[in-house]
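Colleague: Just passing along the structure, written as structure tokens.
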Amino acid sequence: MYAVVRIGGMQYRVAPQERLKVPRLRAEEGQTLEIKDVLLVEADGEVLVGTPTVRSASVRAKVLGHGKGEKVIVFKMKRRKKYRRKRGH
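Written out as structure tokens, the structure reads:
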């Protein structure tokens, strides 16, 4: 059994008891969310595809914590002009 849900403008394939990293949500740690933006559901070999969402389906998820991802390095350069800028974001 799995489902495809839309969280923060991106699509994720989720299954029961699966951990997932998503963009920061407006929810406290330990809070349970109900995601109604379900695009596809597969259960026992039967697939339900929404147009655009499956109306009768929802996914419950628990926020385990908030964290930061890896540091993003931005490097700008113009060739033959000795212009170089490096910035960590």
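Residue numbers (the numbering used here): 44 to 132.
All C-beta atoms, glycine included, are put in the ideal place defined by N, C-alpha and C.
Every value quoted in this text rests on a predicted model; they were computed, and no experiment measured them.
1. Give the DSSP bridge partners of V81, in chain order.
2. Please determine, among M44, L68, P59, E61, the residue with the shortest C-alpha to C-alpha distance to M13.
3. Among the residues of its own chain, which have a CB less than 7 Å from the CB of V117, if the five just before and after it don't count?
4. I need the boundaries of the beta strand (DSSP E) containing K72, first residue and last residue.
5. Does any CB atom of chain C fall closer than 8 Å to the CB of T94?
Modeller: Straight from the coordinates:
1. Paired residue(s): V48.
2. Given a span of 44 to 132 for the chain in the structure shown, any question on residue 13 remains unanswerable.
3. R130, H132
4. Per the sequence shown, residue 72 should be read as Glu rather than Lys. Premise fails: E72 is in no beta strand (DSSP E) and is neither H nor E.
5. In the structure shown, chain C cannot be found, because there is only a single protein chain.
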